[in-house]
Structures are given as structure tokens and as C-alpha cells.
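Chemist:
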Amino acid sequence: MQELKHSAMKKLEIIVQGEQQDFVLDLLDRAAVSGYTVVHNLSGKGSHGAHQGHLMFNEDDVLVMIITVVPEDLAAAILEGLTPFFNKHLGVVFTSDIQVTRLGKFQAPGGAA
Amino acid sequence: MQELKHSAMKKLEIIVQGEQQDFVLDLLDRAAVSGYTVVHNLSGKGSHGAHQGHLMFNEDDVLVMIITVVPEDLAAAILEGLTPFFNKHLGVVFTSDIQVTRLGKFQAPGGAA
Amino acid sequence: MQELKHSAMKKLEIIVQGEQQDFVLDLLDRAAVSGYTVVHNLSGKGSHGAHQGHLMFNEDDVLVMIITVVPEDLAAAILEGLTPFFNKHLGVVFTSDIQVTRLGKFQAPGGAA
Chain A
9 MQELKHSAMK KLEIIVQGEQ QDFVLDLLDR AAVSGYTVVH NLSGKGSHGA
59 HQGHLMFNED DVLVMIITVV PEDLAAAILE GLTPFFNKHL GVVFTSDIQV
109 TRLGKFQAPG GAA
Chain B
9 MQELKHSAMK KLEIIVQGEQ QDFVLDLLDR AAVSGYTVVH NLSGKGSHGA
59 HQGHLMFNED DVLVMIITVV PEDLAAAILE GLTPFFNKHL GVVFTSDIQV
109 TRLGKFQAPG GAA
Chain C
9 MQELKHSAMK KLEIIVQGEQ QDFVLDLLDR AAVSGYTVVH NLSGKGSHGA
59 HQGHLMFNED DVLVMIITVV PEDLAAAILE GLTPFFNKHL GVVFTSDIQV
109 TRLGKFQAPG GAA
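Chains A, B and C, in that order, give the protein sequences. Throughout, my numbering is defined as the position within the first sequence, counted from one, plus 8. Throughout, my numbering is defined as the position within the second sequence, counted from one, plus 8. Throughout, my numbering is defined as the position within the third sequence, counted from one, plus 8.
#1: Excluding the five sequence neighbours on either side, which residues of its own chain have a C-beta within less than 8 Å of the C-beta of C/M73, listed in chain order?
#2: Between B/V41 and B/T76, is the Cβ-Cβ spacing less than 8 Å?
#3: What does A/S42 pair with, by DSSP beta-bridge criteria?
#4: Give me the subset of the region 29 to 60 of chain A whose CB atoms are less than 7 Å from a CB atom of chain C, sorted by chain position.
#5: Could you tell me the distance, in whole angstroms, from the CA atom of B/D68 to the CA atom of B/Q29?
#6: Please report whether the beta-carbon of B/L71 lies at a distance below 8 Å from any beta-carbon of chain C.
#7: Taking buried to mean at least 16 other C-beta atoms within 10 Å of its own C-beta, is C/A83 buried or exposed?
#8: Note down, in chain order, all residues in the region 88 to 114 of chain A with a beta-carbon under 9 Å from any beta-carbon belonging to chain B.
#9: If A/I86 and A/A39 are in contact, beta carbons under 8 Å, what's the gap, nearest whole angstrom?
#10: Leaving out five residues before and five after C/L36 in sequence, what residues of the same chain have Cβ atoms less than 8 Å from its Cβ?
#11: Suppose the cutoff is 6 Å on Cβ atoms and the five residues either side in sequence are ignored; what does the same chain contact list for A/G26 look like?
#12: Need the endpoints of the alpha helix (DSSP H) that C/L90 sits in, please.
#13: With distances taken from CA atoms, which of C/G54, C/D81, C/F31, C/L33 is nearest A/L33?
#14: With distances taken from CA atoms, which of A/T109, A/T91, A/S104 is nearest B/Q107?
#15: By Cβ distance, which residues of its chain are closer than 6 Å to C/G52, with the 5 residues on each side in sequence left out?
#16: Out of curiosity, what's the CA-to-CA distance linking C/K96 and C/E88?
#17: Within 10 Å of its beta-carbon, does C/T109 have 16 or more other beta-carbons around it, so buried, or fewer, so exposed?
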């Protein structure tokens, strides 16, 4: 029987337009993250839409949230790597502290080195 | 090139029945949040269902999770504003500490002043 | 009018293959959690897929994220209870600190004692 292993990590929640999903996943692959999870078909509104008062519901504006959990230094590198992308495209990244429990022998979807 | 800007904020995850989504989004708009993201088609179970042992799967009970990220004082105001609503309707709010990285020039869906 | 009640709790985000959802929910029911929320139809990739460079998109590999919020001691018990499961099945659990606001008289989907 294995012991529980807890690791303090950073969780990144990267919210972008669905059409930009592959770009972000490619960047994560090149950063050698060990996994990620994608939540599909989110809707949302940013400040730019506040005055029009409508949600971004057309197909191009369907959002995805890409969740990955990485060590702190890798989190910083990923944020740096995303900066040019976010100068051209809508999105935001939430960063939070998290403990990851690797309970078994299998590799994890969604993260953690 | 822009520097990365980190801000300590509160993340609110507001889980309500789908039919109540517009009420909550209207309240967030009136609170002048700068953005939010909606995760659709969640299912769930609260304590009221524990004895019946079934999920809330009928159409009226499809849940949504509305994510918004705001300064701490605005978080408190939003929670106050939601109190009358939650005296009539099912739901819960999770509050957590988060860092928001505004990586580019675009406004963010899902939050952050 | 009720006061706001804040409680410090642990949020568990349990990501497993969709076909394993019922097993995890049964375990949570037996642990007497007061609620949970399920986010459906996630995709993801774990380390095992990194070399093939493709997402797990076939039907069996659709993922779900089960969110529950519990006191710290119950979180530890649930993680222990999941260990044999994760020795046989793909998945990961993220644990984070959270404040739960019970705003009204109704029970909460997605958690909190």
C-alpha cells in the first residue's frame, strides 16, 4: 500500500477563447507540464462587453478553461510564455495555491509533476 | 513589452440552478464586476437529497457555476447582496484567495478589476 | 435576516474518467459529505499521453471533475478512501483552502457541512 503524497503546487486556470485552445495546449506541452484538464463551452463577459450588456455567445467566443498544476518556477515560466499571446488575444489566468494528492500509480490528467 | 502584473484578489464561485443564472449575472453587473465566466450543465446534490440518494438531474435543477474575481471589499458586498436570494433559492458560494495575472492589453472574461 | 456565516474548509476537486463517476459519488455519499457538484465532459491529458501528443477524446476517456467541500479531517478520510481506487484507475485530486458562505436557509449543492 502506498502512502499519500502531498505536494504544494501552483494551479493555473487559463481562460481563453475556444479557438485559441490548441495554442495554449501546445505551449503547455513544450513547457513539459505533466498534464492538464480542459473545461469546455464556458461563456463569459469581460469589461469590453459591460457597456453592451450582452454575453459573448457567438461560436467564436465560446471559452475554455485549461487547468494545469505545476511547480512554482514552471508557473512563472508559463506566465511569461503566455504574455505575447495575451497581447493579441482575450483571456485571463488565475493562479492559486493547491495541494496535489497522487493517490495511485497512474499518471494524472490535469497536472502535477 | 509589458511586465506581468499580479494582484491578490478573491475568487467567488457561485453555484446556483441554471434558471437563476440571469439573476446572479444581473447582480454582478450592478456590482460593476469587470467580468465573469459561466460553467454550464453541472449536476450536483445538496444535503436535501442525501436521504433520497439521487442526483438533481431534471431540467430545472441543472446547475451553473458563475466564477468572478474581485477585490476583497467588493466580494463582501456581493455576498451581502446575494443573501436575500439564497433565502429563497438553492445554492452556495465558495470564496478563495487567488492571484490574477493580467498578461496583455485585453480585458478579461471571468474577472479582475 | 441572517448573518453571513463563513467557514474554513477544504475543497476537493476529484478528476476521474466519466465511467468512474458513480464509484466516487458513492464513496462521497458513504463519507456523509453534505453535497457535491459534478462538471461534465472535460478532456485532458496525463503524462502517459505526453509522448503521443494527443488528447484523450474517445468516449471512455471523457473526464468529470467532482467538487466537494468538507472539513479538514473528512478530507483526509476521503483521500485515504480513494487510494485503492487510484491504484487501479486514472485520476488526480486537487486540495485547496476555501471559505464557504452559507447565505440562506437552503442546503448547498457542492458541499459544506
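Glycine included, C-beta positions come from ideal geometry on N, C-alpha and C. Here the structure is a predicted model, which is why all the values come from computation and not from measurement.
Modeler: Based on what the coordinates show:
#1: E21, I22, I23, V46, V47, L50
#2: yes
#3: The partner list for A/S42 (beta bridge, DSSP) is empty, contrary to what the question assumes.
#4: D37, S42, G43, Y44, T45, V46, V47, H48
#5: Low local confidence applies: a pLDDT of 48 at B/D68 is under 50, so the model's placement there is unreliable, and no value is given.
#6: yes
#7: buried
#8: E88, L90, T91, P92, F93, F94, N95, K96, H97, L98, G99, V100, V101, F102, T103, S104, D105
#9: 5 Å
#10: Y44, I74, T76, I86
#11: V70, V72
#12: 80 to 94
#13: C/G54
#14: A/S104
#15: L71
#16: 14 Å
#17: buried
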